[in-house]
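Enquirer: Mapped onto the numbering used here, the consecutive letters of the sequence shown carry residue numbers 17 to 143. All C-beta atoms in this analysis are idealised placements derived from N, C-alpha and C, irrespective of residue type, glycine included. This one's a predicted model, so the numbers in the text were calculated from it and none came from an experiment.
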Amino acid sequence: MATTAGARSGDTGWFTSSRSNNGNQCVEVRFDGEAVLIRDSKYRRDPAADPAAEPVITVPAALWSDFLGALRAGRPHPGLGTEPTADGGMLLRHGTITLRYTAAEWQAFLAGVHDREFDRALAAPGR
Numbered sequence: 017m018a019t020t021a022g023a024r025s026g027d028t029g030w031f032t033s034s035r036s037n038n039g040n041q042c043v044e045v046r047f048d049g050e051a052v053l054i055r056d057s058k059y060r061r062d063p064a065a066d067p068a069a070e071p072v073i074t075v076p077a078a079l080w081s082d083f084l085g086a087l088r089a090g091r092p093h094p095g096l097g098t099e100p101t102a103d104g105g106m107l108l109r110h111g112t113i114t115l116r117y118t119a120a121e122w123q124a125f126l127a128g129v130h131d132r133e134f135d136r137a138l139a140a141p142g143r
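Right under this line is the structure:
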């Protein structure tokens, strides 16, 4: 069973970096079995947004672990693409899905990555 030490998951299992302001604008992550889901919390604040059409990136746990290592090392990752925007934000791409984060959102996420808040760790046997 996979868990994370830094997660502050609520009823939904989604969590953000402890460096995120108040959860209204941030990179949200959820561990779901052997998959990791990533979304942008801004989407749900738009009253015109269709919850059923919310863009969510889903990647295998092994790819997620490699991606976090690449971010910590300051290098690109071939499976999850990042592209800086002109305003200092970041685009996160996987397959046909692109998520757009502000500079503050991405910096809070990176701080959480460096603090290992998004790492998956194997739970002890019997848990």
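#1: Does the distance from the CB of His130 to the CB of Arg88 come in under 8 Å?
#2: Out of Ala69, Gly49, His93, Ala65, which one is the CA nearest neighbour of Ala113?
#3: Does the beta-carbon of Arg60 have 16 or more other beta-carbons within 10 angstroms, so that it is buried, or is it exposed?
#4: Just to confirm the assignment, what range does the beta strand (DSSP E) spanning Ala102 have?
#5: Thinking C-beta only, is Phe47 closer than 8 Å to Arg136?
#6: May I have the straight-line CA-CA distance separating Thr98 from Asp62, to the nearest angstrom?
#7: Out of curiosity, what's the CA-to-CA distance linking Met106 and Ser57?
#8: Tell whether a beta-carbon distance below 8 Å holds between Ala73 and Leu126.
#9: Going by Cα to Cα distance, which pick from Arg55, Ala64, Ser36 is closest to Thr28?
#10: What residues match up with Thr9 in a beta bridge as DSSP calls it?
#11: What number of angstroms, rounded off, separates the C-alpha of Glu121 from the C-alpha of Leu108?
#12: Quick one: what does DSSP say Ala127 is sitting in, helix, strand or coil?
#13: Run through DSSP, which three-state label would Glu133 get?
Expert: Straight from the coordinates:
#1: It is a contact, given that the beta carbons lie within the stated cut-off.
#2: Checking the displayed sequence, the identity of residue 113 turns out to be Ile instead of Ala. The shortest Cα separation from Ile113 among Ala69, Gly49, His93, Ala65 belongs to Ala69.
#3: Its Cβ having fewer than 16 others within 10 Å, Arg60 is exposed.
#4: Premise fails: Ala102 is in no beta strand (DSSP E) and is neither H nor E.
#5: One thing to note: Arg136 has its Cβ within 8 Å of the Cβ of Phe47.
#6: Cα to Cα, the separation comes out at about 24 Å.
#7: If you take the alpha carbons of Met106 and Ser57, they lie about 15 Å apart.
#8: It is worth fixing the name first, because residue 73 is Ile in this sequence and not Ala. Pairing Ile73 with Leu126 gives a Cβ-Cβ distance that is not under 8 Å.
#9: Out of Arg55, Ala64, Ser36, Arg55 has the C-alpha closest to the C-alpha of Thr28.
#10: Since the displayed the chain opens at 17 and closes at 143, residue 9 lies outside it and no answer follows.
#11: Each residue's Cα considered, the two are about 12 Å apart.
#12: Here Ala127 sits in helix by DSSP.
#13: Reduced to three states, the DSSP call for Glu133 is coil.
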